[in-house]
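Note that the working numbering has the sequence shown beginning at 370, numbered continuously upward. We treat Cβ as the ideally placed atom computed from N, Cα and C, and that holds for glycine. All values reported here derive from a predicted model rather than from experimental measurement. To start, the structure itself, in structure tokens.
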Amino acid sequence: MTATDAERWRELGQQLRVDSVRSSAAANSGHPTSSMSAADLMAVLADKYLRYDFDAPEDPRNDHLIFSKGHASPLVYSLFKAAGAITDEELLTFRKLGSRLEGHPTPIIPWVDVATGSLGQGLPIGVGVALAGKRLDRLDYRVWVLCGDSEMAEGSMWEAFEHAAFYGLDNLTAIIDVNRLGQTGETMHGWDLDSYAKRAQAFGWHTIEIDGHDVTSIDAAYTEASAADRPTLIVARTEKGHGVSFLANHEGWHGKAVPADQEGAAIEELGGIRSLVITPPGPEDLKPLILGELHAEPAPTYTDPVPTRKAFGEALAWLAGHRPDLVVLDAEVGNSTHTEDFQAVAPERFVQMFIAEQAMVGAQTGLQALGKTAFAGTFGAFLSRAADFVRMGAISRANLRLFGSHAGVSIGEDGPSQMAVEDLAMFRTLHGSTVLYPADGHATIKLVTTMCDLPGISYMRTTREATPVIYDPDEEFPVGGSKTIRTSGDDAVTLIGAGITVHTCLEAADTLATEHIVARVIDAYSIKPIDAPTIRRALEETGIVVVAEDHRVEGGLGDAVLGAIAATGPLSGSVHKLAVTDMPGSGTAEQMRAWAGIDGASIASAARGAVAAR
Numbered sequence: 370m371t372a373t374d375a376e377r378w379r380e381l382g383q384q385l386r387v388d389s390v391r392s393s394a395a396a397n398s399g400h401p402t403s404s405m406s407a408a409d410l411m412a413v414l415a416d417k418y419l420r421y422d423f424d425a426p427e428d429p430r431n432d433h434l435i436f437s438k439g440h441a442s443p444l445v446y447s448l449f450k451a452a453g454a455i456t457d458e459e460l461l462t463f464r465k466l467g468s469r470l471e472g473h474p475t476p477i478i479p480w481v482d483v484a485t486g487s488l489g490q491g492l493p494i495g496v497g498v499a500l501a502g503k504r505l506d507r508l509d510y511r512v513w514v515l516c517g518d519s520e521m522a523e524g525s526m527w528e529a530f531e532h533a534a535f536y537g538l539d540n541l542t543a544i545i546d547v548n549r550l551g552q553t554g555e556t557m558h559g560w561d562l563d564s565y566a567k568r569a570q571a572f573g574w575h576t577i578e579i580d581g582h583d584v585t586s587i588d589a590a591y592t593e594a595s596a597a598d599r600p601t602l603i604v605a606r607t608e609k610g611h612g613v614s615f616l617a618n619h620e621g622w623h624g625k626a627v628p629a630d631q632e633g634a635a636i637e638e639l640g641g642i643r644s645l646v647i648t649p650p651g652p653e654d655l656k657p658l659i660l661g662e663l664h665a666e667p668a669p670t671y672t673d674p675v676p677t678r679k680a681f682g683e684a685l686a687w688l689a690g691h692r693p694d695l696v697v698l699d700a701e702v703g704n705s706t707h708t709e710d711f712q713a714v715a716p717e718r719f720v721q722m723f724i725a726e727q728a729m730v731g732a733q734t735g736l737q738a739l740g741k742t743a744f745a746g747t748f749g750a751f752l753s754r755a756a757d758f759v760r761m762g763a764i765s766r767a768n769l770r771l772f773g774s775h776a777g778v779s780i781g782e783d784g785p786s787q788m789a790v791e792d793l794a795m796f797r798t799l800h801g802s803t804v805l806y807p808a809d810g811h812a813t814i815k816l817v818t819t820m821c822d823l824p825g826i827s828y829m830r831t832t833r834e835a836t837p838v839i840y841d842p843d844e845e846f847p848v849g850g851s852k853t854i855r856t857s858g859d860d861a862v863t864l865i866g867a868g869i870t871v872h873t874c875l876e877a878a879d880t881l882a883t884e885h886i887v888a889r890v891i892d893a894y895s896i897k898p899i900d901a902p903t904i905r906r907a908l909e910e911t912g913i914v915v916v917a918e919d920h921r922v923e924g925g926l927g928d929a930v931l932g933a934i935a936a937t938g939p940l941s942g943s944v945h946k947l948a949v950t951d952m953p954g955s956g957t958a959e960q961m962r963a964w965a966g967i968d969g970a971s972i973a974s975a976a977r978g979a980v981a982a983r
């Protein structure tokens, strides 16, 4: 480092502050003070250490910069301007309708890997990005994550610390911008840098404590971090609103733009508007390693009953030989979800995330940002822990393939803590999501294969117990479709199920047949998007629809059926929803379905009553 370097970094830091003030003032909203505290940290990083080609953001050799403190978006946009990626005119469209410079960064901007803004997520995602480089692609890029001190209270951050150390991610550097002030006052640890450092050290990280406004110290810290043999945490003491006397270290400015009548004074105190342009160093000249050998083996087939959770694992194991981009993450339940089948054939592409569902989905989001076809699985009930990560994945336009086993009260004796009875509602509400629930092994194989190429969030729900084979191996299951398993010209009622309740609907149809009531049976394996034309035609032709689902009555298959009917116009007839309406307990799978009123006898009774009342 030379004196010229230090002066350029100081000037660049001031430019980033000025532009953070200007862009926020133009929007009359934003977080300029949270951006100003980290400006010097980003100035040194972007000018000397961030190996990135802004003209080729898809280059797999690029470093990655993740703003875990996504509210500091004025800073990252100001950095993009300094790199010549956006113009000053675009910078001043910040937070305006139609601008790609949204309130918090999203990947509609090509230099942003993932959406951030929900605190506690950037570092878990960074673990996934670092894993892709170190373990999968074997590329020498580095991952830099700017964290806020407030978000260090989030447990997901410490899940990320533990996993990064466990996997020896020496290509990962986290920077905590310790500016002391949160949204409503001082943070838990204030300026106690050592409190953060000691915690990180306990997790196995290398740590460095610095003055976050001393560019010489920042430069030395980045050099040290780049040479470390483990992940590094840089704990930087900074001032919120640094550089402007009426903002610096003053409470009450979080999330507030500088008012128009004070903007000029703030810019003047920072030394005025600048137009420095930097060119970050380019990436290393390396090529990604392709993991996995291709094996053109036929897909699994079944003649005997098989749990769809088992078919899911066998599908992944089979696909491992066809898709070298396939990666599977598990939350230490692989012998239940059968992701262990994939691990057995492709251990180098299997990532054990232990009992840390937030870290698992965060890492999955990072892996998919690097082009991996990433599946993550656990019990469906436990994915609710990661609901916010999945929600942010949708905002990231991420391709997340999620798998929830042990669905519904049908898991039996384990009781309600293990029962996924809210998961369909959770995933149906996500923007652009696909929700699938296969009824047998062959449907599972085909739908897992389809998920590999689906955009957005896709979720497969599976059953714990073995279910009979319904379909031939060559049957196709298009997303948005359904299967009418039984039908005739005399259908008096339609029974609709998905997954396990397809089988209880078939039992009910057999019972009704002995009473001369002919039932149509539909397998709604695609819950979102649902096959609205088939459902509407069934109601038109039979006049009665009975929907049975192993899920809460709110938000699941029944509501999807009602929504499909409502969306296709007025129609006479009746729809009856059978679902979980009370708090489950423990019992056998058959006992629990009878308790919930979704077993064959209950479905037959509901259909019988509806036909009699017509």
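Here valine 697 is not near phenylalanine 681, since their CB atoms are 7 Å or more apart. Counting only unbroken stretches of 3 or more residues, the beta strand (DSSP E) elements lying wholly within the region 586-626 are 601-606, in sequence order.
Selection Pro674, Ala867, Arg391 evaluated against glutamine 631 yields Arg391 as nearest (Cα-Cα). For glycine 486, the closest C-alpha among the options Ser519, Val498, Leu460 is that of Ser519. Uninterrupted alpha helix (DSSP H) stretches at least 4 residues long and entirely within the region 434-495 occur at 442-451, 457-460, given in chain order. Following the DSSP letters along the chain, one finds glutamate 531 inside the alpha helix (DSSP H) bounded by residues 524-535. In the structure shown, serine 955 adopts coil according to DSSP, grouped into three states.
Each residue's CA atom was taken as its position, placing threonine 648 and glutamine 384 some 15 Å apart. In this structure, DSSP gives glycine 517 an extended state, which the three-state scheme calls strand. In this structure, valine 613 lies away from tryptophan 378, with their beta-carbon atoms at least 7 Å apart.
The three-state secondary structure of glutamate 555, taken from DSSP, is strand. With the rule of 3 Cβ pairs closer than 8 Å, the region 795-806 counts as touching the region 821-837.
Counting only runs of at least 3 residues, the region 723-752 fully encloses the following beta strand (DSSP E) elements, listed from N- to C-terminal order: 742-748.
Rounded to the nearest angstrom, the gap between the Cα atoms of phenylalanine 748 and glutamate 791 is 12 Å. For glutamine 721, the uninterrupted beta strand (DSSP E) segment begins and ends at 719-721.
Rounded to whole angstroms, the separation of the alpha carbons of leucine 816 and aspartate 422 is 38 Å. DSSP assignment within the region 871-940 yields the following whole beta strand (DSSP E) runs of 3 residues or more, N-terminal first: 888-892, 895-897, 913-921. Looking at the DSSP output, tyrosine 828 shares a beta bridge with Leu771, Val804. In terms of Cα proximity to methionine 788, the closest of Thr832, Cys516, Asn768, Leu515 is Thr832.
When DSSP states are grouped into helix, strand and coil, leucine 663 belongs to the coil group. Per DSSP, reduced to three states, the secondary structure at alanine 566 is helical.
With a contact defined as Cβ atoms closer than 8 Å, leucine 414 and tyrosine 591 qualify at about 6 Å. Of Glu709, His885, Thr873, Ile477, the smallest CA-CA separation from isoleucine 891 is found for Thr873.
Judged by DSSP in its simplified three-state form, serine 943 adopts strand. Under the criterion of beta carbons closer than 8 Å, leucine 410 and alanine 605 qualify as touching, at roughly 6 Å.
Partner residues in the beta bridge of leucine 541, as assigned by DSSP, are Val512.
Taking all protein chains shown into account, alanine 412 has 16 or more neighbouring C-beta atoms within 10 Å of its C-beta and is therefore buried. A straight-line Cα-Cα distance of about 11 Å links arginine 760 and threonine 734.
Within a 10 Å sphere around the beta-carbon of arginine 983 sit fewer than 16 other beta-carbons, which makes this residue exposed.
Within the DSSP bridge table, the entry for valine 646 names no partner. Going by DSSP, lysine 679 is part of the alpha helix (DSSP H) stretching over 677-689.
With contacts defined as CB atoms closer than 7 Å, leucine 488 and glutamate 523 qualify as a contacting pair. In the structure shown, leucine 414 falls within a helical segment according to DSSP collapsed to helix, strand and coil. When beta bridges are read from the DSSP output, glutamate 578 appears opposite Val604.
Rounded to the nearest whole angstrom, the C-alpha separation of aspartate 374 and isoleucine 477 is 33 Å. Under the three-state reduction of DSSP output, valine 848 falls in the coil class, being neither helix nor strand.
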